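Trainee: In this note's numbering, the protein residues as written are 41 to 443. Right, I'll just put the structure down here and ask away after.
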DNA sequence: AGTCCACAGGAAGGGCAGGCGA
DNA sequence: TCGCCTGCCCTTCCTGTGGACT
């Protein structure tokens with residue numbers, strides 16, 4: 041019989057079984073999607089394109105702004121960070137100073153408004169600013185003065201740039217793309233990254249021409265390319281005898297179905313390994329990938345829900361407790377019930393509508409405007425998760441609200 | 001063809017928390 | 001400390017919408 045990982049009630053230290061057992065992982069860090077490897081397979085063309093665009097920085101010139109687009113998990117951010125690391129390495133001892141700033145515009149409370157974007161960039165260059173209270177133009181001027189205090193090139197990478205654009209428009213991009221005209225010593229160069237292929241078309245023509253000086257498209261990986269990527273990581277990440285070849289094939293195939301998402305493939309591989317280890321199995325097998333697939337989906341959605349404000353959670357609980365295809369009016373009635381029973385302030389239907397929209401954007405639910413003829417126009421709302429996940433969400437929210 | 005419904009969603013403004021300068 | 005300014009969250013008010021019904 042397999043010895044339990046954790047010794048309970050036998051007098052031994054409960055962790056001794058875990059420590060004694062050999063780990064399936066050799067270096068778990070390389071299986072993380074944020075890990076930057078020494079080489080990025082199947083992205084030679086893109087690396088060479090980006091390098092040739094930013095290379096003039098090494099001779100003291102300002103590189104053109106670059107706009108990079110491609111679906112999720114195609115290696116856009118990774119490739120950019122890889123190229124910039126190489127750039128910094130070469131430029132280590134050079135006279136002209138090059139700095140880079142990576143900002144994820146989708147991060148709530150970090151860079152999801154123009155104010156927060158400039159506050160974040162100021163913090164990056166060592167200027168602490170309050171989270172609120174200052175006029176945005178004061179922050180803009182402070183940023184301007186700070187970077188222009190010496191000769192330097194700053195490369196700003198705005199990841200998920202479409203998220204910020206959707207929220208505040210393209211004024212901030214206009215300001216950033218014009219900033220070089222006013223700077224005396226420093227220069228900035230922008231790299232915009234997005235999953236939204238149509239994003240550039242929505243921009244003002246002036247912003248479009250300056251941001252889209254150079255455009256690079258990242259095509260999705262196919263199953264074979266994903267397999268290559270995974271094999272590279274498996275070599276460094278796992279003790280190879282501990283992992284079935286079928287596992288790599290399955291992870292690659294599943295991720296290829298999801299528009300060639302390498303991040304998904306790596307997550308599947310890592311979580312499958314974690315599950316195998318947690319179960320005390322000696323090898324990562326196909327069954328662990330199946331379990332990983334479900335776990336990743338559930339974890340992701342539950343993490344989002346747990347971090348939502350109480351009002352959004354109450355609205356979601358109302359939706360869960362409505363019929364399968366519920367309408368805005370039904371949700372609002374249920375929501376009011378929940379608020380009354382739980383002593384929560386009732387927001388207006390207008391605001392609840394916005395909260396529903398926000399959760400739609402987070403892919404927690406789907407809402408579609410429908411017309412019911414003389415019975416008015418409304419939105420049909422349904423959860424965009426499986427029954428299993430929906431039950432898990434219900435159980436979590438049940439502990440927070442009475443109904 | 002006109003009416004009607006139940007909202008959607010834009011615009012404007014209020015209240016609050018927080019920073020700044022006098 | 002106070003008045004003023006800001007961003008953010010929210011409400012109020014308003015117009016627009018589209019298809020069933022008359």
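Built from N, CA and C at the ideal position, the CB exists for glycine as well. As the structure is a prediction and not an experimental result, all values here were calculated from the model.
Assuming residue 199 is part of the beta strand (DSSP E), what are its boundary residues?
Mentor: Locating residue 199 in the first chain gives position 159, where the first residue counts as 1. Residue 199 -> beta strand (DSSP E) spans 192–199.
Trainee: Let's see if you can read the secondary structure: which residues bound the alpha helix (DSSP H) around residue 88?
Mentor: Position 48 of the first chain, counting from 1, holds the residue named residue 88. From DSSP, the alpha helix (DSSP H) with residue 88 extends over 84–94.
Trainee: Kindly indicate the opening and closing residues of the beta strand (DSSP E) around residue 234.
Mentor: One-based indexing of the first chain puts residue 234 at position 194. First-last of the beta strand (DSSP E) with residue 234: 227–234.
Trainee: What are the start and end residues of each continuous beta strand (DSSP E) run of 3 or more residues lying completely inside the segment 383–427, in chain order?
Mentor: 405–411 and 417–423
Trainee: Can you tell me whether DSSP reads residue 80 as helix, strand or coil?
Mentor: Within the first chain, residue 80 is the residue found at index 40, counting from 1. Coil.
Trainee: Determine which residues share a DSSP beta bridge with residue 143 and list them.
Mentor: Position 103 of the first chain holds residue 143. Answer is 198, bridged to residue 143.
Trainee: Since residue 109 is in the alpha helix (DSSP H), which residue starts that stretch and which ends it?
Mentor: Here the question's residue 109 lines up with position 69 in the first chain. Per DSSP, residue 109 belongs to no alpha helix (DSSP H); it is in the beta strand (DSSP E), 106–110.
Trainee: What's the C-alpha gap between residue 99 and residue 228?
Mentor: Taking the first chain and counting its residues from 1, one reaches residue 99 at position 59. Taking the first chain and counting its residues from 1, one reaches residue 228 at position 188. If you take the alpha carbons of residue 99 and residue 228, they lie about 15 Å apart.
Trainee: Does residue 344 come out as helix, strand or coil in the three-state DSSP assignment?
Mentor: As a first step, residue 344 must be located in the first chain, where it is residue number 304. It is helical.
Trainee: Taking residue 63 as the reference, which of 305, 321, 242 and 190 has the closest Cα?
Mentor: Taking the first residue of the first chain as position 1, residue 63 is located at position 23. Comparing Cα positions, the closest option is 321.
Trainee: Looking at the structure shown, is residue 366 part of a helix, part of a strand, or coil, going by DSSP?
Mentor: Here residue 366 corresponds to residue number 326 of the first chain, with the count starting at 1. It is a strand residue.
Trainee: Pull up the DSSP beta-bridge partners for residue 75, would you.
Mentor: Position 35 of the first chain, counting from 1, holds the residue named residue 75. Note: residue 75 sits in no beta bridge, so no partner.
Trainee: Just checking my contact of residue 278 with residue 146 at CB under 8 Å: how many whole Å lie between their CB atoms?
Mentor: Here the question's residue 278 lines up with position 238 in the first chain. Here the question's residue 146 lines up with position 106 in the first chain. Between residue 146 and residue 278 the Cβ distance is about 31 Å, and since that is not below 8 Å, they are no contact.
Trainee: For residue 257, write down the residues that DSSP places opposite it in a beta bridge.
Mentor: For this step, residue 257 is matched to residue 217 along the first chain. According to DSSP, residue 257 bridges with 109.
Trainee: Let's see if you can read the secondary structure: which residues bound the alpha helix (DSSP H) around residue 268?
Mentor: As a first step, residue 268 must be located in the first chain, where it is residue number 228. 263–277 is the span of the alpha helix (DSSP H), which, as asked, contains residue 268.
Trainee: Counting Cβ pairs closer than 8 Å, one from the segment 207–220 and one from the segment 81–94, do we hit at least three?
Mentor: no
Trainee: How big is the Cα-Cα spacing for residue 312 and residue 306?
Mentor: Translated into positions along the first chain, residue 312 becomes position 272. Translated into positions along the first chain, residue 306 becomes position 266. Cα-Cα distance, rounded: 10 Å.
Trainee: Does the beta-carbon of residue 105 have 16 or more other beta-carbons within 10 angstroms, so that it is buried, or is it exposed?
Mentor: Taking the first chain and counting its residues from 1, the one referred to as residue 105 is at position 65. The residue in question, residue 105, is buried, as its Cβ has 16 or more Cβ neighbours within 10 Å.
Trainee: Am I right that residue 386 and residue 376 are in contact with their C-beta atoms under 8 Å? What's the rounded C-beta distance?
Mentor: The residue you call residue 386 lines up with position 346 of the first chain. The residue you call residue 376 lines up with position 336 of the first chain. Between residue 376 and residue 386 the Cβ distance is about 6 Å, and since that is below 8 Å, they are a contact.
Trainee: State the start and end residues of the unbroken alpha helix (DSSP H) segment that holds residue 211.
Mentor: Within the first chain, residue 211 is the residue found at index 171, counting from 1. Start and end: 211–222.
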